[in-house]
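Sequential numbering from 2 applies to the sequence shown in our numbering. Single-structure report; data block below.
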Amino acid sequence: MLDIEEFRKAGYQAIDRICDYYYSLEKLPVVSQVQPGYLRKALPGKCSIPVSHIEVDQKNADSAPEQGEDFQDIQDDYQKLILPGVTHWQHPSFFAFFPTACTFEGVIADLYISSAPNPGFNWACSPAATELEAVVMDWAAKMFGLQNNFLNSSGVGGGVIQTTASDSALVAVVAARSLYTRKHPEIKQEDLVFYTTTQTHSLGVKAGLVLGVQCRALEVEAEDQFALRGSVLRQALEEDKERGKHPFMIIATVGTTSSGAVDRLGEIGEAVRDYPDVWIHVDAAWAGVTLACPEFREKAQLENINKYADSFCTNFHKWGLVNFDCSTLWVKDRRYLTDALDITPEFLRSKHGDAGTVVDYRNWHLALGRRFRSLKIWFVLRSYGIHGFQNYIRQGIELNEYFASLVRASPTFELVTEPSFALSVFRILHETPDSQADGSLSRDSLNELNRSFYAGLSSRPDILLTQTMINGTFCVRFAVGAARTTKKHIDEAWTIVQDEAAAAVKKWSKLQ
């Protein structure tokens, strides 16, 4: 066990090693090269540096050590055993999934948070945690251009930090369901339905599974850039009404995971005019931070978010410079959260809570305890400032636009969708003996070719992209956002993409 001075020494070493890690990050493989089950075989034994085959020097153990070990050995094992099993999301050649923020400001904030932990379930547990959250959520709302009734200072709506966008959506569905059933107590739960699209993140379906209510995914089309149109929603509302179902919510998206689609919030808002009890939740998990830049607000639907959304979510821990986890959720009327989630047994009551003079954030989410996440936002926004935050977002979009220009100029590839903020979705488009009358490949043949292409990409340690399937079309996603990515890394990625495409085409043509 460490005493204070031993902790001081270990802390210095940890910071030194973290700095060394970031100095060497670009030289590391993006993708972990270990094999499944490597760690159980190695723990708690020692290993040499080679990653693929870890050599165990001592007998494995199936349980924690009976006696405490030297902390230097433990820290060394982190370097030798754990780091080789890490996929480096902050690597400048990481273009998969979505950005995951990590700033030194956030690291230091996490250190402070860990040094004085408290569950933060009411104001009295840690007044600073509650009050700073209310402050920084208003800062962020103003930075994004959200209207005043989303502010905590309005006393009507407000913002709360959740763990992930999945939790934010689940909380919104709980609040929407509670509000609807309070208004319509005669309605059975099995008759409730809420809507997503075939491009919505799986968080919608999962919320339906957790709550036992029907989630209906509406089809979206390529000609609409895979965005939900108001006419499609209106038809679904009418169909379900005729079937005796009761729609209570729509989860719309600004920046879907697969394609970066932005649902037509204005049309959606108009479609639910005749259904005033339908809650509109806007999930902008990775793309919502673009609202910080005025020039992207029209594309990101700010005006319609302010006009129609009952709740809005974006994740600072994705493209927002704040270390995981930090999902921000705003609602226009906080009562709908507290009416659905306020459980206050005697042991949780407090003088200020009973008087209603403070916010008890436990009633704004599902869990009781919560971390002091607002400190991370506070450190980051104060260090970067709004201008620094904006420049980071603009840089990611500019780099993606550059990559998209390379795709457009190439006869080998095509963009499957128009670039969306910092995301491009593309595939090989190639003529072969299997071509149809117009010279193009059948969809199945193109999908087969692109799967081979992606298999080559995904086998490489020096780059990481992800695959997706959009309305039956297999394609590859290229997501920019790592803070250390530069034009040089885009050029290197483009060379790799071209090489792997050439290899895939050559291999695929021989098999025809």
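The beta-carbon is built from N, C-alpha and C at its ideal position, and this holds for glycine as well.
Below 8 Å on the Cβ atoms is my contact criterion, and I expect residue i with residue j to pass it. Report the Cβ-Cβ distance as a whole number of Å.
{"i": "C1", "j": "F195", "result": "No answer is possible for residue 1: the residues shown for the chain start at 2 and end at 513."}
{"i": "F317", "j": "A102", "result": "7 Å"}
{"i": "E399", "j": "Q226", "result": "Contact doesn't hold; Cβ gap of about 21 Å is too wide."}
{"i": "T199", "j": "A223", "result": "At roughly 12 Å, the Cβ-Cβ gap does not stay under 8 Å, so T199 and A223 are not in contact."}
{"i": "V381", "j": "V290", "result": "Their Cβ separation, rounded to whole angstroms, is 12 Å, which puts V381 and V290 out of contact at 8 Å."}
{"i": "A135", "j": "V477", "result": "With a Cβ gap of about 42 Å, A135 and V477 do not count as contacting."}
{"i": "S115", "j": "A494", "result": "Not confirmed; about 35 Å, so no contact."}
{"i": "H247", "j": "D192", "result": "5 Å"}
{"i": "S421", "j": "K508", "result": "With 8 Å as the limit, S421 and K508 do not qualify as a contact, their Cβ atoms being about 31 Å apart."}
Grouping DSSP H, G and I as helix and E and B as strand, with all else coil, what is residue i?
{"i": "D284", "result": "strand"}
{"i": "W379", "result": "helix"}
{"i": "I344", "result": "coil"}
{"i": "D439", "result": "Note on D439: pLDDT 46, under 50, position unreliable in the model; no value is reported."}
{"i": "F122", "result": "coil"}
{"i": "Q36", "result": "coil"}
{"i": "Q190", "result": "helix"}
{"i": "P412", "result": "coil"}
{"i": "T88", "result": "coil"}
{"i": "Y276", "result": "coil"}
{"i": "L26", "result": "helix"}
{"i": "Y393", "result": "helix"}
{"i": "R428", "result": "strand"}
{"i": "C20", "result": "helix"}
{"i": "L422", "result": "This sequence places Phe at residue 422; Leu is not what is there. It is coil, neither helix nor strand."}
{"i": "L330", "result": "strand"}
{"i": "Y13", "result": "helix"}
{"i": "F72", "result": "helix"}
{"i": "S312", "result": "strand"}
{"i": "F373", "result": "coil"}
{"i": "F325", "result": "coil"}
{"i": "F317", "result": "helix"}
{"i": "F404", "result": "helix"}
{"i": "F297", "result": "helix"}
{"i": "F95", "result": "strand"}
{"i": "T433", "result": "Since pLDDT at T433 reaches only 44, below the 50 mark, its modelled position is unreliable, and no value is offered."}
{"i": "R350", "result": "coil"}
{"i": "S64", "result": "coil"}
Between the C-alpha atoms of residue i and residue j, what's the straight-line distance to the nearest angstrom?
{"i": "Q163", "j": "S169", "result": "6 Å"}
{"i": "S351", "j": "A125", "result": "7 Å"}
{"i": "A505", "j": "I497", "result": "12 Å"}
{"i": "E299", "j": "A293", "result": "12 Å"}
{"i": "Q302", "j": "A262", "result": "12 Å"}
{"i": "G467", "j": "Q190", "result": "Checking the displayed sequence, the identity of residue 467 turns out to be Thr instead of Gly. For T467 and Q190, the distance between alpha carbons rounds to 38 Å."}
{"i": "A410", "j": "G121", "result": "53 Å"}
{"i": "A272", "j": "E239", "result": "10 Å"}
{"i": "P186", "j": "L171", "result": "21 Å"}
{"i": "S25", "j": "L44", "result": "25 Å"}
{"i": "F427", "j": "V255", "result": "20 Å"}
{"i": "R383", "j": "V279", "result": "38 Å"}
{"i": "G457", "j": "G146", "result": "43 Å"}
{"i": "G245", "j": "F98", "result": "39 Å"}
{"i": "R9", "j": "F72", "result": "12 Å"}
{"i": "D334", "j": "F325", "result": "27 Å"}
{"i": "A237", "j": "Y276", "result": "12 Å"}
{"i": "A491", "j": "D343", "result": "It is worth fixing the name first, because residue 491 is Ile in this sequence and not Ala. About 49 Å."}
{"i": "Q36", "j": "I83", "result": "13 Å"}
{"i": "D311", "j": "R371", "result": "24 Å"}
{"i": "T131", "j": "L330", "result": "15 Å"}
{"i": "F96", "j": "I269", "result": "32 Å"}
{"i": "N364", "j": "R336", "result": "10 Å"}
{"i": "K42", "j": "W90", "result": "25 Å"}
{"i": "S259", "j": "E70", "result": "46 Å"}
{"i": "S64", "j": "S328", "result": "35 Å"}
{"i": "F479", "j": "K488", "result": "14 Å"}
{"i": "E501", "j": "W320", "result": "28 Å"}
{"i": "G209", "j": "K511", "result": "47 Å"}
{"i": "T201", "j": "N472", "result": "13 Å"}
{"i": "A520", "j": "A285", "result": "This structure cannot settle anything about residue 520, because the visible part of the chain is limited to 2 through 513."}
{"i": "S49", "j": "N305", "result": "Legend: pLDDT at S49 = 44, less than 50; position of this residue unreliable, value from coordinates given subsequently. Roughly 56 Å between the two C-alpha positions."}
At least one CB of chain D closer than 8 Å to the CB of residue i: is that the case?
{"i": "Y23", "result": "In summary, chain D is missing from the structure at hand, where a single protein chain is found."}
Please determine whether the Cβ atom of residue i lies at a distance below 7 Å from any heavy atom of the ligand HEM.
{"i": "Y39", "result": "By its list of ligands, the structure shown contains no ligand whatsoever, and the ligand HEM lies outside what it can speak to."}
| message | Give the list of continuous beta strand (DSSP E) stretches no shorter than 3 residues that lie fully inside the stretch 448-493. | response | 467-471, 474-480
| query | Considering only residues of the stretch 137-172, which uninterrupted beta strand (DSSP E) runs meet the minimum length of 3 residues and lie entirely inside it, listed in chain order? | reply | 159-163
| message | Report the start-end ranges of each alpha helix (DSSP H) in the stretch 192-279 that is 4 residues or longer and not cut off at the edges. | response | 204-212, 231-243, 266-272
| field | Any 3 or more C-beta pairs closer than 8 Å across the stretch 17-35 and the stretch 455-463 | value | yes
| query | Counting pairs of beta carbons, one from the stretch 146-161 and one from the stretch 174-181, are three or more of them closer than 8 Å? | reply | no
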